[in-house]
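Those protein sequences? They're chains A and B, same order as listed. Using the UniProt record's numbering, the letters of the first sequence correspond one by one to residues 1 to 124. Using the UniProt record's numbering, the letters of the second sequence correspond one by one to residues 1 to 525.
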Amino acid sequence: PLITILSCFISFQQRIEIHKLRQGDNLILGFSIGGGIDQDPTQNPFSEDKTDKGIYVTRVTEGGPAEVAGLQIGDKIMQVNGWDMTMVTHDQARKRLTKRNEEVVRLLVTRQSLQKAVQQSMMS
Amino acid sequence: MSAAMDTESTYSGYSHYSGHSKKAHRQGRDRHKSPRSKDGSRSEKSVTIQTPPAEPLLGNDASRAEEGQDDNWGETTTAITGTSEHSISQEDIARISKDLEDSVGLDCKRYLGLTVAAVLGLLVFLTPIAFILLPQILWRDDLEPCGTVCEGLFISVAFKLLILLTGTWALFFRQPKADLPRVFVFRALLLVLIFLFVFSYWLFYGVRILDLKDTNYQGIVQYAVSLVDALLFIHYLAIVLLELRQLQPMFTIKVVRSTDGESRYYSLGHLSIQRAALVVLENYYRDFTVYNPALLTASKSRAAKHMAGLKVYNVDGPGNNASGQSRAMIAAAARRRDSSHNELYYEEADHERRVKKRRARLVVAVEEAFTHIKRLQAEEQQKAPGEMMDPREAAQAIFPSMARVLQKYLRTTRQQQYHSMESILQHLSFCITNNMTPKAFLERYLNPGPTLQYDRDRWFSKQWTLVSEEAVTSGLQDGVVFVLKCLDFSLVVNVKKVPFIKLSEEFIDPKSHKFVLRLQSETSV
Chain A
1 PLITILSCFI
11 SFQQRIEIHK
21 LRQGDNLILG
31 FSIGGGIDQD
41 PTQNPFSEDK
51 TDKGIYVTRV
61 TEGGPAEVAG
71 LQIGDKIMQV
81 NGWDMTMVTH
91 DQARKRLTKR
101 NEEVVRLLVT
111 RQSLQKAVQQ
121 SMMS
Chain B
1 MSAAMDTEST
11 YSGYSHYSGH
21 SKKAHRQGRD
31 RHKSPRSKDG
41 SRSEKSVTIQ
51 TPPAEPLLGN
61 DASRAEEGQD
71 DNWGETTTAI
81 TGTSEHSISQ
91 EDIARISKDL
101 EDSVGLDCKR
111 YLGLTVAAVL
121 GLLVFLTPIA
131 FILLPQILWR
141 DDLEPCGTVC
151 EGLFISVAFK
161 LLILLTGTWA
171 LFFRQPKADL
181 PRVFVFRALL
191 LVLIFLFVFS
201 YWLFYGVRIL
211 DLKDTNYQGI
221 VQYAVSLVDA
231 LLFIHYLAIV
241 LLELRQLQPM
251 FTIKVVRSTD
261 GESRYYSLGH
271 LSIQRAALVV
281 LENYYRDFTV
291 YNPALLTASK
301 SRAAKHMAGL
311 KVYNVDGPGN
321 NASGQSRAMI
331 AAAARRRDSS
341 HNELYYEEAD
351 HERRVKKRRA
361 RLVVAVEEAF
371 THIKRLQAEE
381 QQKAPGEMMD
391 PREAAQAIFP
401 SMARVLQKYL
411 RTTRQQQYHS
421 MESILQHLSF
431 CITNNMTPKA
441 FLERYLNPGP
451 TLQYDRDRWF
461 SKQWTLVSEE
471 AVTSGLQDGV
481 VFVLKCLDFS
491 LVVNVKKVPF
501 IKLSEEFIDP
511 KSHKFVLRLQ
521 SETSV
């Protein structure tokens, strides 16, 4: 029991580095985001806590840079290049990800399946 | 002697009195003398008073009015006897001999109580009149003449007494609807208060006025008026204590029937336990479905089966450990894999289905039967083709077609005891007379109704005993539990206080209702 309690406080996060792909005039990352503090958190299918207003990955295009880098659908994005993404509006999140002068974005994501897998391994 | 006469008159019947008093009101001056000797003597008394009084200034009308009212008073004072003392005195007497089973003896005691109440009421009512009249009788010549003031006071006394009479009649002249074990504390207190009050007035009157032969007649009349005022105030106190105080709901009581768990909730104000029990019983006959012992046999047989089939053998030699044995039996019964729950489930499902089927057949049969009858309008009655029947005959005509189905249904729902053929026929003719539909006719048989709906000898509950750990005249408190027992079952009553409600207000400006759309947008990056 003590161990399971501790696992809640340890965040199992993953760092993902995505190299943007140039398509014409745009730099694309190859995924879609949903969420934000100005959005309705109860409609988020990926969050465990329905009051969580963070930014979640809702779609990952096949073969895109995000998929190649290891991003999965349902991941919650905590930071982008050091900028915090847990308390931003949807539009702010979009802007932080699509800065024109950046070619590489380093994301800190947290994944539910990861957390659960760790908890289960701790319990057994 | 007058007491004996009083006894006689009260014995002759209580309702007689209220009848008398009502008549006295309505007829006013037109009185016919009743043959009773008591009334004769009273009216005789009023006649002697009517010989010219000391203050004749108002003239004939006033004296006639007074005579009429005197007559009224003469007649109605006997009726005033009742007041609230009726039921009080019953309790008084019941208190003297609690375990009186003999009904004849009880009646005697009840009438004794009535007599006591009658005498007291009479005394109270006659006192102001006596106060006014005694100086006139005893020392008329010495009295100072007292003009319009006194006449005004006479009129006010007359009307106040009339109002008092009407109020007492309206409030306290009721058939006692219950025989309660103990005295009503408030009523007894009021009686004592009235008695002490009138007694002290008489004392004062006797000492100060009669002995000294006070000549200030106006003062004496004002003294009598003050007595009547005070009596009216006591009447007001009686209303507040006896009627108004218990109107505001303070307690919620839960009544549960012990045999099948049927429960109801009622709201009550500040009442004593015995009066609360009375309220519960009055509502029991209306709200609770009738007690049907036939419905309880199933659970009893199940209970019998639980502990059956287990026998304890003592293999370790003699020595009878009874508690050990019973505990062993309970443990074994609990561990035994019995399928009684299965049985119950299937039995109930089966019963449900059977009842539903029979009910469907019944509804169809009754609907069909009702189509054979048509009500004749007034014009058609002259040129009717066939024979005309009254409701009873019509009912008898269509009854055979539904009799068997109805009987079967009643047997399935175990209600057959409560409905005899005669009662069904009566109900059928009643429904036909009142243009009721088949469904309305069946309403009485499809659902078990309250106890009042059925015949008195099917009630199973007529004699009640109040079982309580606290005195039955003490008031209701939070957490009080008492039981109303009758022969076959009991009603357990649990009292809970209505919670103190803290209500605060919040003002919302109607303009402050604003809304935004919550979006769930998805952006691809």
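Note that CB positions come from ideal geometry on N, CA and C, so glycine has one too.
### Query
Are the C-beta of Q79/A and some C-beta of chain B separated by less than 8 Å?
no
### Query
So, does the CB of V525/B fall closer than 8 Å to a CB anywhere in chain A?
yes
### Task
Return the Cβ separation of R264/B and D287/B in integer angstroms, given the expectation that the two are a contact with Cβ distance under 8 Å.
5 Å
### Query
Buried or exposed: which applies to T127/B, given that a residue is buried once 16 or more other Cβ atoms fall within 10 Å of its Cβ?
buried
### Query
Can you give, in chain order, each stretch of the alpha helix (DSSP H) that sits fully within the segment 217 to 268 of chain B and has at least 4 residues?
217 to 239
### Query
Should Q23/A be flagged as near chain B, meaning a C-beta pair shorter than 8 Å?
No, its Cβ sits nowhere closer than 8 Å to a Cβ of chain B.
### Message
In whole angstroms, give me the CA-to-CA distance for K20/A and G30/A.
### Response
Taking C-alpha positions only, K20/A is separated from G30/A by approximately 8 Å.
### Task
Using three-state DSSP, classify C8/A as helix, strand or coil.
Only weak support exists for where C8/A lies, its pLDDT of 47 falling under 50; the coordinates are left without a value.
#### Entry: Range covered by the alpha helix (DSSP H) that runs through R353/B
Residue range S340 to T371 is occupied by the alpha helix (DSSP H) that includes R353/B.
### Query
Rounded to the nearest angstrom, how far is the Cβ of V80/A from that of Q14/A, given a contact under 8 Å?
Between Q14/A and V80/A the Cβ distance is about 14 Å, and since that is not below 8 Å, they are no contact.
### Query
Can L268/B and L476/B be called in contact, C-beta distance under 8 Å?
yes
### Task
From the DSSP output, in three-state form, read off T76/B for me.
With a pLDDT of 44 at T76/B, under the threshold of 50, the modelled position of that residue is not reliable, and no figure is offered here.
#### Entry: Partners in chain B for T98/A, counting only beta-carbon separations shorter than 8 Å
Result: V525.
### Message
Determine whether the beta carbon atoms of I28/A and G70/A lie at a separation below 8 Å.
### Response
Taking 8 Å as the cut-off, the Cβ atoms of I28/A and G70/A do not count as close.
### Task
For L190/B, collect the residues of the same chain with a Cβ closer than 8 Å to its Cβ; drop the 5 residues on either side in sequence, then sort them by chain order.
By the criterion of a C-beta distance shorter than 8 Å, L190/B is surrounded in its chain by S84, I234, L237, A238, L241 and L242, once the five residues flanking it on both sides are discounted.
### Task
Alpha carbon to alpha carbon, how far is D25/A from I37/A? Give it in angstroms, no decimals.
30 Å
### Task
Between the Cα of W459/B and those of K408/B, N292/B and S423/B, spot the shortest distance and give me the residue it belongs to.
Residue N292/B holds the alpha-carbon nearest to the alpha-carbon of W459/B among K408/B, N292/B and S423/B.
### Query
List, in order along the chain, the chain B residues whose C-beta lies closer than 7 Å to that of L108/A?
Neighbours of L108/A on chain B: none; closest Cβ ~16 Å, over 7 Å.
#### Entry: Three-way DSSP call (helix, strand, coil) for L108/A in this model
Reduced to three states, the DSSP call for L108/A is strand.
### Task
Output the distance between the C-alpha atoms of R59/A and H90/A, rounded to the nearest integer angstrom.
15 Å
### Task
Return the first residue and the last residue of the alpha helix (DSSP H) that L196/B is part of.
V185 to F204
### Task
Give, in chain order, every unbroken run of the alpha helix (DSSP H) that is at least 4 residues long and sits entirely within the segment 33 to 89 of chain A.
65 to 69
### Query
What residues in the segment 475 to 488 of chain B have a beta carbon less than 8 Å from any beta carbon of chain A?
Listed by position, the residues of the segment 475 to 488 of chain B near chain A (Cβ gap below 8 Å) amount to none.
### Task
From the DSSP output, in three-state form, read off F482/B for me.
strand
### Query
Identify the residues that DSSP records as bridge partners of G30/A: which are they?
When DSSP reads this structure, G30/A sits in no beta bridge, so it has no partner.
### Interface partners of Q415/B on chain A, CB under 7 Å
The premise fails here: Q415/B is roughly 54 Å from chain A at the closest Cβ pair, so nothing lies under 7 Å.
### Query
Using a beta-carbon distance below 8 Å, is I16/A in contact with chain B?
no
### Query
Quick one: does D75/A have its CB under 8 Å from some CB of chain B?
no
### Query
How would you label G35/A, buried or exposed, when you count the other beta carbons within 10 angstroms and need 16 or more for buried?
buried
### Message
Quick test of your reading: M389/B and A397/B, contact by CB under 8 Å. State the CB separation rounded to the nearest angstrom.
### Response
Between A397/B and M389/B the Cβ distance is about 7 Å, and since that is below 8 Å, they are a contact.
### Query
In this structure, what does DSSP give as the bridge partners for V493/B?
V255/B and F482/B
### Query
Looking at C-alpha atoms only, which residue of K356/B, K300/B and N216/B is the closest neighbour of V149/B?
N216/B
### Task
Locate the beta strand (DSSP E) running through E522/B, then write down its first and last residues.
E522 to S524
### Task
Look up G147/B in the DSSP assignment and say whether it is helix, strand or coil.
Three-state result, G147/B: coil.
### Message
Can you tell me whether I194/B is buried or exposed? The criterion is at least 16 other CB atoms within 10 Å of its CB, across all chains shown.
### Response
buried
### Environment of R444/B [buried if 16+ CB atoms lie within 10 Å]
Using a 10 angstroms sphere on the CB of R444/B, the tally of other CB atoms reaches 16 or more, which defines it as buried.
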